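Novice: Please read through the structure below; I'll follow up with questions.
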Amino acid sequence: MTKPQESTEKIKTVGDFLPINGIDYIEFYVGNARQAQHFYRHVLGFSLVAYAGLETGIRDRASYILEQGKIRFVLTTPLIPEHPISEHIRLHGDGVKDIALWVDDAFRAFEETTKRGAKAAWEPLAFRDEWGEVKKASIFTYGETVHTFVERKNYKGPFLPGYKAVPQPDKLSRPAGLKIVDHVVGNVGWNEMNKFVDFYERIMGFRLFKHFDDKDISTEYSALMSKVVTNGNGRIKFPINEPAEGKRKSQIEEYLDYYKTPGVQHIAMATDNIIDTVAKLTTQGLDFLYVPTTYYDDLQKRVGKIDEPVDQLAKLGILVDRDDEGYLLQIFTKPVEDRPTLFFEVIQRKGSKSFGKGNFKALFESIEREQARRGNL
Ligand code: FE2
1168 MTKPQESTEK IKTVGDFLPI NGIDYIEFYV GNARQAQHFY RHVLGFSLVA YAGLETGIRD
1228 RASYILEQGK IRFVLTTPLI PEHPISEHIR LHGDGVKDIA LWVDDAFRAF EETTKRGAKA
1288 AWEPLAFRDE WGEVKKASIF TYGETVHTFV ERKNYKGPFL PGYKAVPQPD KLSRPAGLKI
1348 VDHVVGNVGW NEMNKFVDFY ERIMGFRLFK HFDDKDISTE YSALMSKVVT NGNGRIKFPI
1408 NEPAEGKRKS QIEEYLDYYK TPGVQHIAMA TDNIIDTVAK LTTQGLDFLY VPTTYYDDLQ
1468 KRVGKIDEPV DQLAKLGILV DRDDEGYLLQ IFTKPVEDRP TLFFEVIQRK GSKSFGKGNF
1528 KALFESIERE QARRGNL
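Numbering (my numbering), first residue to last: 1168 to 1544.
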């Protein structure tokens, strides 16, 4: 009688020590933010909402704040070679540095996680300007990637203290209907997946969401293993991938060869109308992975009745997968840098809460065709 109570209490306590409202922003370190922000506005449909740099009194870096729906991206570039961001870019190329989490008490989040063994990245600090105060503190996750805890309940400015708002609406933006970040996937090294699942469970109070083994996710040549962790309220989903043995080089290994450490592999963004969104993004020049038209031949047999016309899905290359709760539609871009590292996913959920396991085979064969073209298979 006492045992179940104890365990319920334990789950409650574990789930409660790090309440997270959502992803606050995702910050990319890039070699040329002024040019990159054009890609995010013209191609991906984000609006420029704020800026910090030389013109706003910041001497060592420039940052562009971009928003679409509830998604907020920050593009940051160093202005001097001695800057730690310059070293980050030299080593990794452009990529995600920070998956920042919106919390009500940033200092407590830092204390609770570092107490449990998280490595501090940036110490707790309060920042102020005429709009109020923001508290921030950061811990490391996989590789050089960090989670910054952002507390903004006493702030009314456009982003963070020091950033200047950009006049709205953004006339150069071409919105595509992307609404929220659905999940952010990390690639870690050989045999490291469980280490980072444990990190999220023990240090951040997350729990295991789904588990795929390498039999689920493998093709003739290459393979990976993946586990998904989610936070207490389920708003945050982080799949963690590690390479698995295959006949040829795993796509995760290729990523690690070029990014040089574990890091963010892809960011999935949700839309309410994937056909409209993907048609728009394609017209605007976004490169999606190619799926052979044979994928659609027996689609309805595999996934049953769906609302969307199959010919339109086939034309755009949108994939469909079904589980017990419903179905999902998804599509993946090619890497958005010259190094084959970070890419994006567009997803629409119609009941399904999973990640498209049924598409992994078709998808990985497509990824491997690209790997072969790069001479990395
Ligand atoms: Fe995904």
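For each residue, glycine too, the CB sits at the ideal point set by N, CA and C.
The structure presented is a predicted model; accordingly, all values stated were derived computationally and were not measured.
From this set, E1420, A1481, Q1451, S1253, which residue's C-alpha is nearest D1465's C-alpha?
Specialist: Sequence index remark: in the sequence shown, residue 1465 carries index 298 (1-based). Of the listed residues, the one whose Cα sits closest to D1465 is A1481.
Novice: On the DSSP bridge list, what partners appear for T1397?
Specialist: As a working mapping, residue 1397 is identified with position 230 in the sequence shown. According to DSSP, T1397 bridges with R1374, K1404.
Novice: Report yes or no: do three or more beta-carbon pairs, one from the region 1276-1283 and one from the region 1361-1378, lie closer than 8 Å?
Specialist: As far as the Cβ criterion goes, the region 1276-1283 touches the region 1361-1378, which means the pair count is three or higher.
Novice: Is A1435 near ligand 1, going by C-beta to nearest heavy atom under 7 Å?
Specialist: As a first step, residue 1435 is located in the sequence shown; it is residue number 268 there, counting from the start. Under cutoff, so the answer is yes.
Novice: Just list the beta strand (DSSP E) runs in the region 1187-1243, keeping only unbroken ones of 3 residues or longer that don't cross its boundaries, in chain order.
Specialist: Those beta strand (DSSP E) runs which fall completely within the region 1187-1243 and span 3+ residues are 1189-1196, 1214-1219, 1228-1235.
Novice: Return helix, strand or coil for S1533, following the three-state DSSP convention.
Specialist: The sequence position of residue 1533 within the sequence shown is 366, counting from 1. If DSSP states are grouped into helix, strand and coil, S1533 belongs with the helices.
Novice: Here's a check: name, in chain order, each residue in its chain whose Cβ is nearer than 6 Å to the Cβ of I1256, leaving out the five neighbours to either side.
Specialist: In the sequence shown, counting from the first residue as 1, residue 1256 sits at position 89. Excluding positions up to five away in sequence, the list reads Y1196, G1198.
Novice: Could you give the DSSP three-state label for E1558: helix, strand or coil?
Specialist: This structure does not reach residue 1558, given that the chain is present from 1168 up to 1544, and the question cannot be answered.
Novice: Determine whether the beta carbon atoms of G1299 and G1329 lie at a separation below 8 Å.
Specialist: Here residue 1299 refers to the residue found at position 132 of the sequence shown. Here residue 1329 refers to the residue found at position 162 of the sequence shown. Not closer than 8 Å, so no.
Novice: Among the residues of its own chain, which have a CB less than 6 Å from the CB of D1337, if the five just before and after it don't count?
Specialist: Here residue 1337 refers to the residue found at position 170 when the sequence shown is read from its first residue. Closer than 6 Å at the Cβ level, and outside the excluded window around D1337, lie S1214, L1215.
Novice: With a Cβ-Cβ cutoff of 8 Å, do D1153 and G1399 count as a contact?
Specialist: No answer is possible for residue 1153: the residues shown for the chain start at 1168 and end at 1544.
Novice: Between D1488 and T1244, what straight-line distance do the alpha-carbon atoms span, to the nearest angstrom?
Specialist: Walking along the sequence shown from the start, residue 1488 turns up at place 321. Walking along the sequence shown from the start, residue 1244 turns up at place 77. Between D1488 and T1244, the C-alpha separation is close to 38 Å.
Novice: Have a look at A1411, T1428, P1406 and flag the residue whose alpha-carbon is nearest the alpha-carbon of L1375.
Specialist: Counted from its first residue, the sequence shown places residue 1375 at position 208. The shortest C-alpha separation from L1375 is found at P1406.
Novice: Closest to H1552 by C-alpha separation, out of V1241, L1268, V1263, A1229, would be which residue?
Specialist: Since the first residue of the chain shown is 1168 and the last is 1544, residue 1552 is not available in this structure.
Novice: Who are the near neighbours of K1501 in its chain, counting only those whose CB is closer than 8 Å to its CB and skipping five residues on each side?
Specialist: Within the sequence shown, the letter at position 334 stands for residue 1501. So the qualifying residues of the chain are D1454, F1455, L1456, F1510, E1537.
Novice: A1446 to L1185, Cα distance in whole Å?
Specialist: Mapped onto the sequence shown, residue 1446 falls at position 279. Mapped onto the sequence shown, residue 1185 falls at position 18. So the alpha carbons of these two residues sit roughly 39 Å apart.
Novice: Under 7 Å from any heavy atom of ligand 1, does the C-beta of F1522 make it?
Specialist: Locating residue 1522 in the sequence shown gives position 355, where the first residue counts as 1. Correct: F1522 has its Cβ closer than 7 Å to ligand 1.
Novice: Could you spell out the range, first to last residue, of the alpha helix (DSSP H) harbouring Y1426?
Specialist: The residue you call residue 1426 lines up with position 259 of the sequence shown. Segment 1418-1426, the alpha helix (DSSP H) holding Y1426.
Novice: Just list the beta strand (DSSP E) runs in the region 1279-1340, keeping only unbroken ones of 3 residues or longer that don't cross its boundaries, in chain order.
Specialist: Those beta strand (DSSP E) runs which fall completely within the region 1279-1340 and span 3+ residues are 1287-1296, 1299-1307, 1313-1318.
Novice: Which same chain residues end up closer than 6 Å to F1363 when comparing Cβ atoms and leaving out the 5 residues on each side of it in sequence?
Specialist: What you label residue 1363 is simply residue 196 of the sequence shown in a count that begins at 1. Y1309, V1355, I1407.
Novice: Along the beta strand (DSSP E) that carries D1349, what are the first and last residues, could you check?
Specialist: As a working note, residue 1349 is residue 182 in the sequence shown. Here the beta strand (DSSP E) through D1349 covers 1345-1354.
Novice: Return yes when the C-beta of E1512 is under 7 Å from any heavy atom of ligand 1, and no when it is not.
Specialist: For the purposes of this step, residue 1512 is identified with residue 345 of the sequence shown, where counting begins at 1. E1512 Cβ: within cutoff of ligand 1.
Novice: Tell me which residue opens and which closes the beta strand (DSSP E) that V1458 is part of.
Specialist: Here the question's residue 1458 lines up with position 291 in the sequence shown. Here V1458 belongs to no beta strand (DSSP E), and DSSP marks it neither H nor E.
Novice: When you compare the CB positions of G1212 and P1334, do they come within less than 8 Å of one another, or not?
Specialist: Within the sequence shown, residue 1212 is the residue found at index 45, counting from 1. Within the sequence shown, residue 1334 is the residue found at index 167, counting from 1. No, they are not a contact pair.
Novice: Among residues of its own chain, excluding the 5 on either side of E1173, which ones have a beta-carbon nearer than 7 Å to its beta-carbon?
Specialist: By one-based count along the sequence shown, residue 1173 stands at place 6. Below a pLDDT of 50, predicted positions are generally treated as unreliable, and E1173, at 39, falls in that range; no measurement from the model is reported.
Novice: With the cut-off set at 8 Å, would you say H1314 and T1428 are in Cβ contact?
Specialist: For the purposes of this step, residue 1314 is taken as residue 147 along the sequence shown, with counting starting at 1. For the purposes of this step, residue 1428 is taken as residue 261 along the sequence shown, with counting starting at 1. No; because the gap between Cβ atoms is not below 8 Å, this pair is not in contact.
Novice: I'd like the span of the beta strand (DSSP E) that includes V1431, first residue to last.
Specialist: Here residue 1431 refers to the residue found at position 264 when the sequence shown is read from its first residue. Segment 1430-1438, the beta strand (DSSP E) holding V1431.
Novice: What does the Cβ neighbour count give for W1269, buried or exposed, with the cut at 16 atoms within 10 Å?
Specialist: Locating residue 1269 in the sequence shown gives position 102, where the first residue counts as 1. Result: buried.
Novice: Pull up the distance between the alpha-carbon of F1366 and that of S1393, whole angstroms please.
Specialist: As a first step, residue 1366 is located in the sequence shown; it is residue number 199 there, counting from the start. As a first step, residue 1393 is located in the sequence shown; it is residue number 226 there, counting from the start. The alpha-carbon atoms of F1366 and S1393 are separated by roughly 15 Å.
Novice: Check for me: the beta strand (DSSP E) holding Q1515 runs from which residue to which?
Specialist: Taking the sequence shown and counting its residues from 1, the one referred to as residue 1515 is at position 348. Taken as a continuous stretch (DSSP letters only), the beta strand (DSSP E) holding Q1515 covers 1510-1517.
Novice: Look at the alpha carbon of M1168 and the alpha carbon of A1287, and state the distance between them as a whole number of angstroms.
Specialist: Translated into positions along the sequence shown, residue 1168 becomes position 1. Translated into positions along the sequence shown, residue 1287 becomes position 120. Because M1168 carries a pLDDT of 35, less than 50, the predicted location of this residue cannot be relied on, and the following value inherits that uncertainty. Cα-Cα distance, rounded: 40 Å.
Novice: Is V1301 closer than 8 Å to R1319 when the C-beta atoms are compared?
Specialist: For the purposes of this step, residue 1319 is taken as the residue at position 152 of the sequence shown. For the purposes of this step, residue 1301 is taken as the residue at position 134 of the sequence shown. Yes, the pair counts as a contact, with Cβ atoms nearer than the cut-off.
Novice: CB-CB under 7 Å to G1262, same chain, minus the five flanking residues each way: which ones, in chain order?
Specialist: Numbered from 1 along the sequence shown, position 95 holds the residue referred to as residue 1262. Closer than 7 Å at Cβ, skipping near neighbours: F1195, Y1196, Y1426, G1430, V1431, T1508, L1509.
Novice: Going by the beta-carbon positions, is the gap between E1412 and A1390 smaller than 8 Å?
Specialist: Position 245 of the sequence shown holds residue 1412. Position 223 of the sequence shown holds residue 1390. Closer than 8 Å, so yes.
Novice: Name the two residues that bound the continuous beta strand (DSSP E) containing V1263.
Specialist: The residue given as residue 1263 occupies position 96 in the sequence shown. Segment 1262-1269, the beta strand (DSSP E) holding V1263.
Novice: Going by DSSP, what residues sit across from L1453 in a beta bridge?
Specialist: Residue 1453 sits at position 286 when you count from the first residue of the sequence shown. None, per the DSSP bridge assignment.
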